[in-house]
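Data block below; observations after.
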Amino acid sequence: MQLLDWPFLDALQAGALFSLFISFGTDALSRRDRMMGWLSATCLLVGLRHTVLAVGTLPSMNPDLVDRAQSLLVAFGFIALCTALANLFPRHVPRRFPGWIALALLPSYFRNLLLPHPSPWDTWLHHAANLTYLVGCGLTIYWTLRARQDEDPMGRRLFLGFLGLTLPVVIEIAALSLFDLKVRLSGFSLVFLSMAVGTSWHWLMVRGMESRIHRAEAEVEVWRSLVPGTAFRTDRPSPMLEKAFGGSWTELLKAAPEERLIGLDGTAYRVHSRILHHQERIGWFERDEETQPGHRGFLSGWTMGLGMEEGAERDRIESLLRAWGGEVQAWGTVPPREGPYPSLLLWGREPSILSVWREDDLARRRPRWIQIGGPTTEGPHARLELRPPEDALRATLERILSRH
7 MQLLDWPFLD ALQAGALFSL FISFGTDALS RRDRMMGWLS ATCLLVGLRH
57 TVLAVGTLPS MNPDLVDRAQ SLLVAFGFIA LCTALANLFP RHVPRRFPGW
107 IALALLPSYF RNLLLPHPSP WDTWLHHAAN LTYLVGCGLT IYWTLRARQD
157 EDPMGRRLFL GFLGLTLPVV IEIAALSLFD LKVRLSGFSL VFLSMAVGTS
207 WHWLMVRGME SRIHRAEAEV EVWRSLVPGT AFRTDRPSPM LEKAFGGSWT
257 ELLKAAPEER LIGLDGTAYR VHSRILHHQE RIGWFERDEE TQPGHRGFLS
307 GWTMGLGMEE GAERDRIESL LRAWGGEVQA WGTVPPREGP YPSLLLWGRE
357 PSILSVWRED DLARRRPRWI QIGGPTTEGP HARLELRPPE DALRATLERI
407 LSRH
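Counting from 1 along the sequence shown, just add 6 to a position and that's the residue number in the numbering used here.
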């Protein structure tokens with residue numbers, strides 16, 4: 007069976023590297039990613055090197071010129087690779103590492119640009135350049151190992167790859183320096199190394215974006231929890247919004263996101279929202295106190311739970327509280343078992359839940375409690391007789407609220 011000849015291998019490596027150059031270069035331009043940009047430049051330079059080697063086998067080509075060109079392209083490609091590594095491991099690879107490599111490759115520049123071939127210095131300068139490549143590979147493995155030991159995600163994923171894929175480079179240099187045998191397979195090594203670095207870099211970017219998305223969603227939930235009940239997302243059901251504006255509340259809020267809206271109970275509400283996922287919105291709503299008749303009353307900003315049986319007396323007290331600017335929640339005679347509770351409670355008799363609280367020193371706890379009628383017991387912050395006059399109710403409320 008006939009083995010593949012060297013020009014075919016060089017052409018194969020050049021084609022693979024040019025494909026990676028286009029893929030990585032497009033990604034680098036779209037995301038302004040410097041690491042991917044330098045990796046793309048490395049693939050381009052080394053791909054050009056193998057193209058020169060493949061074309062250099064033609065009889066019309068000058069072997070000396072081909073050797074000088076490919077050697078310079080290798081040097082520039084190695085500098086680009088070192089720059090990509092400095093961006094890949096910024097905490098471990100010194101920022102001046104590419105500059106050190108560029109200075110260490112001065113023998114290669116001098117040999118290929120100024121020195122006539124053949125020359126007594128040619129071999130020694132060539133060995134000096136090869137020694138720079140070996141030292142650079144050794145430092146790369148060392149710093150990748152340090153990154154792996156420091157739990158760097160890229161170090162953990164790429165250390166074994168760097169260790170294994172630098173072997174073809176070492177073999178190529180050793181064969182050329184010791185046996186004058188040209189085994190140009192380092193292009194395949196760069197192909198696999200670039201693919202490993204590129205896919206690992208994309209994995210790191212995706213993981214970082216997913217982490218930011220999770221943190222953002224958690225933050226959104228925290229902000230929504232600060233305004234329980236009044237926060238909404240138009241892509242999720244909200245019983246409170248449906249009760250306030252009807253079943254078509256999502257379309258209503260999307261059509262008038264920052265306007266006053268009149269609820270089904272005739273109350274004006276102001277909606278605050280922002281765009282979420284293009285068509286959806288997220289935000290909260292609140293009563294527009296400026297449109298309420300008692301918004302300048304002394305109860306403005308206070309929320310009260312009213313625990314009385316339905317009837318004329320309850321309606322009278324509720325209308326007084328609203329006229330003084332308060333927000334009233336009519337609970338009837340059965341208080342909720344869990345909070346959050348309003349700032350103030352007015353009850354026609356002692357609720358069972360408050361009798362439990364009183365055992366833990368009710369005077370030190372919120373909410374404030376005003377008992378209306380019923381037996382005289384210890385515990386309420388204030389007590390009023392049944393059907394209290396308006397002046398007595400107002401004075402009691404002012405006295406209770408002045409303690410806050």
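The C-beta atom is built at its ideal place from N, Cα and C for all residues, glycine as well.
I believe E286 touches D241 by the beta-carbon criterion, under 8 Å. Please report the beta-carbon distance rounded to the nearest angstrom.
5 Å
Is the segment 55-73 close to the segment 86-95, with three or more CB pairs under 8 Å?
no
Inter-residue Cα distance where the pair is W106 and G214:
32 Å
With distances taken from CA atoms, which of Q19, P69 and M67 is nearest V52?
Q19
Does R218 pass the burial test, meaning 16 or more other C-beta atoms within 10 Å, or should it be called exposed?
exposed
Simplified DSSP state of M310, which is helix, strand or coil
strand
Could you name the residues that DSSP lists as bridge partners for V277?
F291
If you run the structure through DSSP and keep just helix, strand and coil, what is R478?
Lying outside 7 to 410, the shown extent of the chain, residue 478 is not represented and no answer is given.
Can you give me the C-alpha to C-alpha distance between L319 and R328, rounded to a whole angstrom?
This sequence places Glu at residue 319; Leu is not what is there. C-alpha separation (whole angstroms): 14 Å.
Assign R266 to one of three DSSP states: helix, strand, or coil.
strand
Count the other C-beta atoms from every protein chain shown that fall within 10 angstroms of the C-beta of M229, then say buried if there are 16 or more, exposed otherwise.
First, the residue type needs correcting, since residue 229 is Trp and not Met in the sequence shown. Exposed.
Assuming V334 is part of the beta strand (DSSP E), what are its boundary residues?
E333 to A336
Is it buried or exposed for Y275, if we count other Cβ within 10 angstroms and need 16 for buried?
buried
Can you tell me whether S36 is buried or exposed? The criterion is at least 16 other CB atoms within 10 Å of its CB, across all chains shown.
exposed
Taking the straight line between their C-alpha atoms, what separation do you get for V334 and T383?
25 Å
Check L26 in the structure and name its three-state DSSP category.
helix
Looking at the unbroken alpha helix (DSSP H) that takes in F238, where does it start and where does it end?
Not the alpha helix (DSSP H): F238 falls in the beta strand (DSSP E), residues A237 to R239.
State buried or exposed for S46, treating a residue as buried only when at least 16 other CB atoms are found within 10 Å of its CB.
buried
Give me the Cα-Cα distance between L87 and A134, rounded to the nearest whole angstrom.
19 Å
Quick one: what's got a C-beta closer than 6 Å to T172's C-beta in the same chain, skipping five residues either side?
C143
DSSP three-state label for R389, please.
strand
Over what stretch of residues does the alpha helix (DSSP H) that includes L45 continue unbroken?
R40 to V61
Nearest-angstrom Cα separation, counted from A81 out to S114:
8 Å
Terminal residues of the beta strand (DSSP E) in which L350 lies:
L350 to W353
Could you name the residues of the same chain whose beta carbon sits closer than 7 Å to that of T138, not counting the 5 residues immediately before and after it, in chain order?
I107, A110 and L111
In the DSSP assignment, find the alpha helix (DSSP H) that holds R320 and state where it starts and stops.
A318 to A329
Got a sec, what are the start and stop residues for the alpha helix (DSSP H) P113 sits in?
L112 to L119
Do V226 and I281 come within 9 Å of each other at the CB atom, strictly closer than that value?
no
Would G332 pass as a contact of W353 if the rule is Cβ separation under 9 Å?
no
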